[in-house]
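In the numbering used here, the protein residues as written are 364 to 624. Ideal Cβ positions, reconstructed from N, Cα and C, are used throughout, including at glycine. None of the values given here were measured: they were computed from a predicted structure. To keep things clear, I will list the structure first and then write my remarks on it.
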Ligand SMILES: NC(=O)c1ccc[n+]([C@@H]2O[C@H](COP(=O)([O-])OP(=O)(O)OC[C@H]3O[C@@H](n4cnc5c(N)ncnc54)[C@H](OP(=O)(O)O)[C@@H]3O)[C@@H](O)[C@H]2O)c1
């Protein structure tokens with residue numbers, strides 16, 4: 364037991380400074396990214412920090428986010444913070460911790476992406492999972508946007524972005540993704556509603572299609588899949604966010620600049 368406690372204290376001493384050491388620069392813009400421990404979210408953190416931004420890099424389990432902690436250890440402008448989309452009190456607490464901190468860009472990247480699987484096939488829908496998909500993919504980004512709206516108003520750029528999936532010709536062309544697709548369709552509607560609500564305050568809302576990005580070790584040699592490298596997808600989305608203007612607020616655009624709606 365004694366040894367165990369010692370190990371816990373040693374871990375805390377090693378990990379805590381990484382999580383709290385960040386030094387934001389007052390003359391740099393600030394971005395908050397959700398789900399930033401891996402995949403597309405991690406690449407957003409990497410590219411924004413390389414460009415000199417202050418980054419609030421959130422994820423569910425900072426203590427397990429080895430790559431992100433390593434990146435933050437090398438860059439004092441990255442702070443790693445815990446944020447679970449299912450934990451609304453935790454989201455409010457994080458917003459309160461950053462009270463007064465301008466946030467120029469909020470990237471609602473985190474999401475539950477899964478399929479095809481039985482619980483998502485019409486005829487055998489798993490309704491507990493239905494609820495979970497909606498709470499993570501739709502209510503989660505909405506809650507984060509509401510909580511950080513005061514911070515966005517203080518920022519210069521004032522952009523809220525969220526990552527969605529395609530529809531129609533851009534959609535997933537096989538069955539078995541019902542919950543994923545419908546929860547993202549709800550997110551699309553929420554984005555439009557936020558755009559209507561916040562237009563007068565110059566807060567811009569953009570819904571982004573990242574393309575098909577191989578974040579889970581997919582075989583990228585299959586040309587028919589039209590995979591987009593994560594570096595290219597994120598670079599494209601950052602450039603869209605950079606130039607986004609209020610007259611386009613509420614619209615959906617693909618990583619390469621193609622308007623979807
Ligand atoms: N990759 C694509 O081709 C593609 C295409 C269209 C749209 N998108 C969207 O782009 C976004 C990022 O995709 P990705 O490929 O990077 O996905 P990913 O590799 O599956 O990463 C998902 C991220 O979301 C986090 N997350 C899941 N549930 C969460 C919760 N309850 N609270 C907080 N964080 C949570 C994960 O955290 P843990 O590590 O803790 O699980 C992880 O950081 C997603 O919204 C996805 O739907 C991706």
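Practice task
For residue 372, I'd like the list of residues in its chain whose CB is within less than 7 Å of its CB, leaving aside the five on either flank, ordered along the chain.
Solution key: In the chain shown, residue 372 corresponds to position 9, counting from 1. Confidence in residue 372 is poor, its pLDDT being 48 and thus under 50, which makes the residue's placement unreliable; the coordinate value appears in the next sentence. Taken in chain order, the list of residues that qualify is empty.
Problem - Three-pair Cβ contact test at 8 Å for the segment 419-433 versus the segment 479-490 - result: Segments in contact, no.
Practice task
Kindly give me the distance between the Cβ atoms of residue 520 and residue 468, rounded to whole angstroms, as I take these residues to be in contact under 8 Å.
Solution key: As a working note, residue 520 is residue 157 in the chain shown. As a working note, residue 468 is residue 105 in the chain shown. Right, the Cβ-Cβ distance comes to about 6 Å (below 8 Å), so this counts as a contact.
Exercise for the section: For residue 533, I'd like the list of residues in its chain whose CB is within less than 7 Å of its CB, leaving aside the five on either flank, ordered along the chain. Expected result: The residue you call residue 533 lines up with position 170 of the chain shown. Same-chain partners within the cutoff: 572 and 623.
Exercise for the section: Quick one: grab the DSSP three-state call for residue 618. Expected result: Start at 1 with the first residue of the chain shown, and residue 618 comes out as number 255. Note: residue 618 maps to coil in three-state DSSP.
Problem - Spatial distance of residue 382 from residue 398 (CA atoms) - result: The count along the chain shown starts at 1 and reaches residue 382 at position 19. The count along the chain shown starts at 1 and reaches residue 398 at position 35. At residue 382 the pLDDT is 43, less than 50, meaning the model places this residue with poor confidence; the figure from the coordinates comes in the next sentence. Each residue's Cα considered, the two are about 16 Å apart.
Problem - Contact test: residue 624 Cβ vs ligand 1 heavy atom, cutoff 7 Å - result: Reading the chain shown from its first residue, position 261 is the one you call residue 624. Not under cutoff, so the answer is no.
Practice task
Consider the C-beta atom of residue 526 and the heavy atoms of ligand 1; say whether any pair is separated by less than 7 Å.
Solution key: What you label residue 526 is simply residue 163 of the chain shown in a count that begins at 1. Yes, since a heavy atom of ligand 1 falls inside the 7 Å radius drawn around the Cβ of residue 526.
Problem - Where the alpha helix (DSSP H) through residue 460 begins and ends - result: Against the chain shown, residue 460 aligns to sequence position 97. Going by DSSP, residue 460 is part of the alpha helix (DSSP H) stretching over 451-460.
Handout entry: Cα-Cα separation between residue 620 and residue 603, rounded to whole angstroms
Key = To locate residue 620, count along the chain shown from 1; it is residue 257. To locate residue 603, count along the chain shown from 1; it is residue 240. Inter-residue distance for residue 620 and residue 603 is about 7 Å (C-alpha atoms, whole angstroms).
Problem - Check whether residue 578 and residue 566 have beta carbons under 8 Å apart - result: Counting from one through the chain shown, the residue named residue 578 turns up at place 215. Counting from one through the chain shown, the residue named residue 566 turns up at place 203. No, these two residues do not count as a Cβ contact at 8 Å.
Problem - Residues of its chain near residue 598, where Cβ-Cβ distance is below 7 Å and the 5 sequence neighbours each way are ignored - result: The sequence position of residue 598 within the chain shown is 235, counting from 1. Result list for residue 598: 410, in chain order.
Handout entry: Through-space distance from residue 388 to residue 540, alpha-carbon basis
Key = Start at 1 with the first residue of the chain shown, and residue 540 comes out as number 177. Start at 1 with the first residue of the chain shown, and residue 388 comes out as number 25. When rounded, the distance between both Cα atoms is 42 Å.
Practice task
Output the residue ranges of the beta strand (DSSP E) runs that lie fully inside the segment 402-474 and measure 3 residues or longer, sorted by chain position.
Solution key: Listed in chain order, the beta strand (DSSP E) runs fully inside the segment 402-474 are 417-422, 441-445 and 468-471, counting runs of at least 3 residues.
Problem - Alpha-carbon to alpha-carbon, residue 401 and residue 537 - result: As a first step, residue 537 is located in the chain shown; it is residue number 174 there, counting from the start. As a first step, residue 401 is located in the chain shown; it is residue number 38 there, counting from the start. Residue 537 and residue 401 have their C-alpha atoms some 26 Å from each other.
Problem - Status (buried if at least 16 other CB within 10 Å, exposed otherwise) for residue 490 - result: Within the chain shown, numbered from 1, the residue matching residue 490 stands at position 127. Only exposed fits residue 490, as fewer than 16 other CB atoms lie within 10 angstroms of its CB.
Exercise for the section: Below 7 Å CB to CB, which residues in the same chain sit around residue 511 once its five sequence neighbours on both sides are set aside? Expected result: Start at 1 with the first residue of the chain shown, and residue 511 comes out as number 148. 395, 458, 466 and 469, listed in sequence order.
Handout entry: Straight-line gap, residue 615 to residue 570 (C-alpha atoms, nearest Å)
Key = Counted from its first residue, the chain shown places residue 615 at position 252. Counted from its first residue, the chain shown places residue 570 at position 207. One Cα belongs to residue 615, the other to residue 570, and the distance between them is close to 5 Å.
Exercise for the section: List the endpoints of the continuous alpha helix (DSSP H) containing residue 510. Expected result: For the purposes of this step, residue 510 is taken as the residue at position 147 of the chain shown. Its alpha helix (DSSP H) spans residues 503-517.
Problem - Where residue 528 falls, given that 16 or more other Cβ within 10 Å makes a residue buried - result: Taking the first residue of the chain shown as position 1, residue 528 is located at position 165. Classification of residue 528: buried, given that the 10 Å Cβ count is 16 or more.
Practice task
To the nearest angstrom, report how far apart residue 444 and residue 487 are at their CA atoms.
Solution key: The residue labelled residue 444 in the question sits at position 81 within the chain shown. The residue labelled residue 487 in the question sits at position 124 within the chain shown. Straight-line Cα distance between these residues: approximately 37 Å.
Practice task
Can you tell me which of the three DSSP states residue 564 falls into?
Solution key: By one-based count along the chain shown, residue 564 stands at place 201. Taken through DSSP and simplified to helix, strand or coil, residue 564 comes out as helix.
Problem - Range of the contiguous beta strand (DSSP E) that encloses residue 597 - result: Within the chain shown, the letter at position 234 stands for residue 597. Not the beta strand (DSSP E): residue 597 falls in the alpha helix (DSSP H), residues 593-606.
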